[in-house]
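Here is the structure we will look at.
There are 2 protein chains.
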Amino acid sequence: MDAMGKVNDLLNAESILKWDARTMMPPGGAVTRGKQVSTLAVLARDLLVSDDTRRKLDAAAREMAAKPEDAVEQVMIAQARAAIDYHLAIPASLLQRRTELGSIGQVVWAKARAENDFASFAPILEQTVALNREMAEVIGYSEHPYDALMFRFEPGETVATLKTLFGRLREALLPLVRAIGEKPEPRFDFLRRHYPIDRQHQFALKMAETVGYDLNRGRLDTTVHPFEVSFTRNDVRITTRFNPTYMPASLFGALHEAGHGLYEQGVDDAYTRTPFATDLVGLYAVGGVSFGAHESQSRLWENHVGRARAFWNIHFATAQEFYPEQLGDVTAEEFYRAINRCKPGFIRVEADELTYDFHVMLRTDIEAALIDGSLKVKDLPEAWNAKIKEYLGLDVPNDTLGVLQDVHWSSGQIGTFCNYTIGNVMAGQLFETASRDPVIAEGLSSGNYDPLRAFMVEHVHQHGRRYSRDTLLVKATGRPLDPEPYIAHLTRKYSELYEL
Amino acid sequence: MDAMGKVNDLLNAESILKWDARTMMPPGGAVTRGKQVSTLAVLARDLLVSDDTRRKLDAAAREMAAKPEDAVEQVMIAQARAAIDYHLAIPASLLQRRTELGSIGQVVWAKARAENDFASFAPILEQTVALNREMAEVIGYSEHPYDALMFRFEPGETVATLKTLFGRLREALLPLVRAIGEKPEPRFDFLRRHYPIDRQHQFALKMAETVGYDLNRGRLDTTVHPFEVSFTRNDVRITTRFNPTYMPASLFGALHEAGHGLYEQGVDDAYTRTPFATDLVGLYAVGGVSFGAHESQSRLWENHVGRARAFWNIHFATAQEFYPEQLGDVTAEEFYRAINRCKPGFIRVEADELTYDFHVMLRTDIEAALIDGSLKVKDLPEAWNAKIKEYLGLDVPNDTLGVLQDVHWSSGQIGTFCNYTIGNVMAGQLFETASRDPVIAEGLSSGNYDPLRAFMVEHVHQHGRRYSRDTLLVKATGRPLDPEPYIAHLTRKYSELYEL
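So the protein sequences, as listed, match chains S and C.
Following this note's numbering, the numbering of the first sequence begins with 1334 at its first residue and continues without gaps.
Following this note's numbering, the numbering of the second sequence begins with 1334 at its first residue and continues without gaps.
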């Protein structure tokens, strides 16, 4: 499987070049860097689907034929072959058109957003929808073309499964959001005090280390949008953003990305440079099995651990040491309530734990409707604003704060939004099972996160991409994706916080 | 020539991965990074020598047949074909053995150097010599096998040409070194005061910008050994080292690397991603035409500009602003004399401008003698120590300060040392011609380095790898490599400094 190792190397190299472009590269380097990234991406794909690789896979399959179907080698070979079929089904001309559309799209979108001019972005979006419909046809699907587009990010998820899931979430969570709207807000003035950026960096890093992020195989940098990226399990980097007058942005950004980082750092070393540490369909060097599974780990450490009362009962003293002036007149309980303030807003990436999913559901439903033709691009702002009104009770004042806010569609990409909510649901399910273990529960109240992390390593991280997301969930919790633990968590937490 | 663009992209990606490994990578990432780098290096070579690339070159050659032999396209094709022949002559097994020897060698060498144990490194060095002799045979040469090994770094240079050059340098410079040994030392205590590292970083960067290093296409980082590396002319990075009690290390490290950086930043943009910005023989994405030519630019800006009295007559006031406590009781003249102190020592990388070449000549002569068999590895320490005594009048106390000091041989590499002295000589020659121009001379005394840089861009930088080093020199100065201007510069400078 040396060819798979080389594909992994190329994709990791591509990731390094992209990380560097976002963190270190001087501005003049952008254009030639784009060419370097593109050359690596094309070479990785070409190497994967090459006759030589396919011959080697055939030979390996013959050699391994006696092994059971679920043997590591058999699963790797099957995954590689399935990915090759996926790529060979997509004509090069279609990929080329998407790349071209993406590079124009980002420029047009940035201008449209700045100028609140949806009409100028609409033609790009129409082409994006048409192109993704073509893409869905060549990839194939049973029921809904949008299923084919989600496959790359959340294999197995369909419009039908999401309809059930989203219905249940809306039913359970909308009453909570509405009830909170009637309640007084907690104190949160102290979060908006001046927090020096170098202190924020040190504190965010300390909290990331506290939950187990390994700095011998990691580092924290600064970017406009926080992200995590790994170049094998041995080099897993995170970034966060720093706002001198809003400290939670850097803190929870770092905890979120550290959660992603723990997943990658925990993949079995034996899977390094194999298909179990390479998304051969998405052509991305990653050990997490789906975008949703990945998000489950970031949301678990950010929300279930980092926004819990138990966490701040222990670590608020450290926060006060870092910020004696800013937090001197604040109690741990006030801090806990402030970082969990629920406040419906227009912007997804600024949403609180409870309202976040509504932003996601609205986008996913809209994407599916665009793809099956039941919604037209020209009617999109109206549909968007109606949903924001329905879910969050807000009147969207302009498209910049509405339909133009996300970068995703401008890159020619459709099908990625559901992962965020699946991650939340999966986090709730895993956390419920894990915290039933008294050792883990005791660790959470005493500030020892090793037992919880060990649970995640055992049931999620170490397996890399070996099992599907739902197989992982069945093995870890006894059942596939189930929203009830997540709903119970939010209901319990917010009922208590807002005395509902 | 799209294939050449891809080779350049891969080699640039390899450079980015190596830069990252030295500046940013967490320690845990080393092993898998090694595999990623190796995969890129192998793919770049394979792509260059592939049947497909050769067919494309043949087709391009037919298309361009009507153009004159020195047309850009013809030269590019000829260079690519020559590089392919070079690589195809070297058996894969030989490359493999050198890689393996290099990875063992570095470990054995580091231990031997730490423990002052030449005997434990000798077997590695014997294998390195034998392997390089094999390498010389397959590459081919007319007179001396060492010529074949220098080809990759300094095409056209031979043992015969170096014999003449080194003889003349020794004859002219040894009397200077000896005469200075009889003279009193200048004051230099203030260079050893405490200089905070963040101030050093700012000052070094300011001086690099002063000579024209473009930060829109560059950045300065910290490493143990300073270096420059480019990822096309649009992203040219430098590093320096910081010693809190020896400020010149960071300052002249940065000026030296900025000199390298100016070369790469000055290559014609039309040559980006072409053979004129790619060392296809050395498989390294670089615009400089030889290692010696590159060194001429670093030494020119470090020594002819940065260690000149005129430079500090202007910029010493800035130095005092940065370091009011450290330099408050110092004059510009004292500073100038201190940074030009001549003091024979054991370590090449710490040598002053005048004694540096003796370290280089000694290594080059020893390498040539090892390769032709006239010197045996076991006799190496004795030969080394005898030369240090002869040239610098010093008794080498141990091999750690002698024959074990350089990393070069441990990586399986022989043939790279002469570049340093060729760079010095070439810098002297170019500087003499340039500074005859009254506008350039006026700029040097008034602190405007644009005219000198414009000369270098016109005569050296912009051409990238289009012309050979000596063709460049003939075009710029009217003659090929000539040590007399360099000798005149050192004689004038040191005679005045030490009242010889």
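Glycine included, every Cβ here is placed at the ideal spot set by N, Cα and C.
A quick note: this is a predicted structure, and the numbers were derived from the prediction, not measured.
{"Check": "For the region 1559 to 1574 of chain C, enumerate the residues whose C-beta is nearer than 9 Å to any C-beta of chain S, in chain order.", "Outcome": "1564, 1565, 1566, 1567, 1568, 1569 and 1570"}
{"Check": "In the DSSP assignment, find the alpha helix (DSSP H) that holds residue 1386(C) and state where it starts and stops.", "Outcome": "1384 to 1397"}
{"Check": "Just list the residues that DSSP pairs residue 1569(C) with in beta bridges.", "Outcome": "1551(C) and 1563(C)"}
{"Check": "Residues in the same chain with beta-carbon distance under 6 Å from residue 1700(C), minus the five sequence neighbours each way, listed in chain order, please.", "Outcome": "1747"}
{"Check": "Got a sec? Which residues, its chain only, sit under 8 Å from residue 1476(S) by beta carbon, not counting five neighbours each side?", "Outcome": "1491, 1492 and 1493"}
{"Check": "Could you compute how far the alpha carbon of residue 1397(S) sits from the alpha carbon of residue 1605(S)?", "Outcome": "20 Å"}
{"Check": "Only counting the same chain, and skipping five residues up and downstream in sequence, which positions put a Cβ closer than 7 Å to that of residue 1445(S)?", "Outcome": "1451, 1453, 1454 and 1737"}
{"Check": "Have a look at residue 1496(S) and residue 1624(S) and give me their C-alpha separation to the nearest angstrom.", "Outcome": "19 Å"}
{"Check": "Identify, in the order they occur along the chain, each residue of the same chain with its Cβ nearer than 7 Å to the Cβ of residue 1465(S), setting aside the five sequence neighbours on each side.", "Outcome": "1482, 1704 and 1747"}
{"Check": "Please confirm whether residue 1524(C) and residue 1581(C) have their CB atoms less than 9 Å apart.", "Outcome": "yes"}
{"Check": "In angstroms, rounded to a whole number, what distance separates the CA positions of residue 1344(S) and residue 1377(S)?", "Outcome": "7 Å"}
{"Check": "Which residues of chain C have a Cβ atom closer than 7 Å to the Cβ of residue 1358(S), listed in chain order?", "Outcome": "1568"}
{"Check": "Should residue 1723(C) be labelled buried (16 or more other beta-carbon atoms within 10 Å of its own) or exposed?", "Outcome": "exposed"}
{"Check": "Closer than 9 Å, CB to CB, is residue 1369(S) near chain C or not?", "Outcome": "yes"}
{"Check": "Tell me residue 1783(C)'s beta-bridge partners as DSSP assigns them.", "Outcome": "Answer by DSSP bridge pairing: none, since residue 1783(C) is not bridged."}
{"Check": "Per DSSP, what kind of secondary structure is residue 1689(C) in: helix, strand or coil?", "Outcome": "helix"}
{"Check": "Using a beta-carbon distance below 9 Å, is residue 1389(C) in contact with chain S?", "Outcome": "no"}
{"Check": "Taking Cβ positions, are residue 1600(S) and residue 1552(S) nearer each other than 9 Å?", "Outcome": "no"}
{"Check": "Using a beta-carbon distance below 9 Å, is residue 1605(C) in contact with chain S?", "Outcome": "yes"}
{"Check": "Of all the options 1559(S), 1788(S), 1622(S) and 1576(S), which has the alpha carbon lying nearest to the alpha carbon of residue 1591(S)?", "Outcome": "1559(S)"}
{"Check": "Ignore the nearest five residues each way along the sequence and tell me which others in residue 1690(C)'s own chain have a CB closer than 8 Å to its CB.", "Outcome": "1502, 1506, 1753, 1754 and 1757"}
{"Check": "In the structure shown, what three-state DSSP assignment does residue 1612(S) receive?", "Outcome": "strand"}
{"Check": "Going straight from the alpha carbon of residue 1786(C) to that of residue 1825(C), what length do you get?", "Outcome": "24 Å"}
{"Check": "Hey, how far is the Cα of residue 1513(S) from the Cα of residue 1556(S)?", "Outcome": "33 Å"}
{"Check": "Among 1715(C), 1762(C), 1767(C) and 1802(C), which one has its Cα closest to the Cα of residue 1820(C)?", "Outcome": "1762(C)"}
{"Check": "Give me the Cα-Cα distance between residue 1642(C) and residue 1534(C), rounded to the nearest whole angstrom.", "Outcome": "23 Å"}
{"Check": "In whole angstroms, give me the CA-to-CA distance for residue 1726(S) and residue 1542(S).", "Outcome": "39 Å"}
{"Check": "Which residues of the region 1524 to 1550 of chain C have a Cβ closer than 9 Å to any Cβ of chain S? Give them in chain order.", "Outcome": "1547, 1548, 1549 and 1550"}
{"Check": "Is there contact here, the region 1657 to 1674 of chain C with the region 1782 to 1799 of chain C, by at least three beta-carbon pairs under 8 Å?", "Outcome": "no"}
{"Check": "Measure from the alpha carbon of residue 1457(S) to the alpha carbon of each residue in 1473(S), 1430(S) and 1576(S), then state which is nearest.", "Outcome": "1430(S)"}
{"Check": "In terms of DSSP beta bridges, what is residue 1528(S) paired with?", "Outcome": "According to DSSP, which records beta bridges pairwise, residue 1528(S) is partnered with nothing at all."}
{"Check": "Taking 9 Å as the threshold (beta carbon to beta carbon), is residue 1727(C) in contact with chain S?", "Outcome": "no"}
{"Check": "Hey, is residue 1578(C) close to the ligand SAM, as in C-beta under 8 Å from one of its heavy atoms?", "Outcome": "Among the ligands in the structure shown, none appear at all, so the ligand SAM cannot be discussed."}
{"Check": "Using a beta-carbon distance below 9 Å, is residue 1845(S) in contact with chain C?", "Outcome": "Missing from the structure shown is residue 1845(S); chain S here goes from 1334 to 1833 and no further."}
{"Check": "Report back the beta-carbon spacing between residue 1296(C) and residue 1664(C) to the nearest angstrom; my notes put them in contact at under 8 Å.", "Outcome": "Within the shown structure, residues of chain C are numbered from 1334 to 1833, placing residue 1296(C) beyond reach of any answer."}
{"Check": "Pull up the distance between the alpha-carbon of residue 1610(C) and that of residue 1352(C), whole angstroms please.", "Outcome": "18 Å"}
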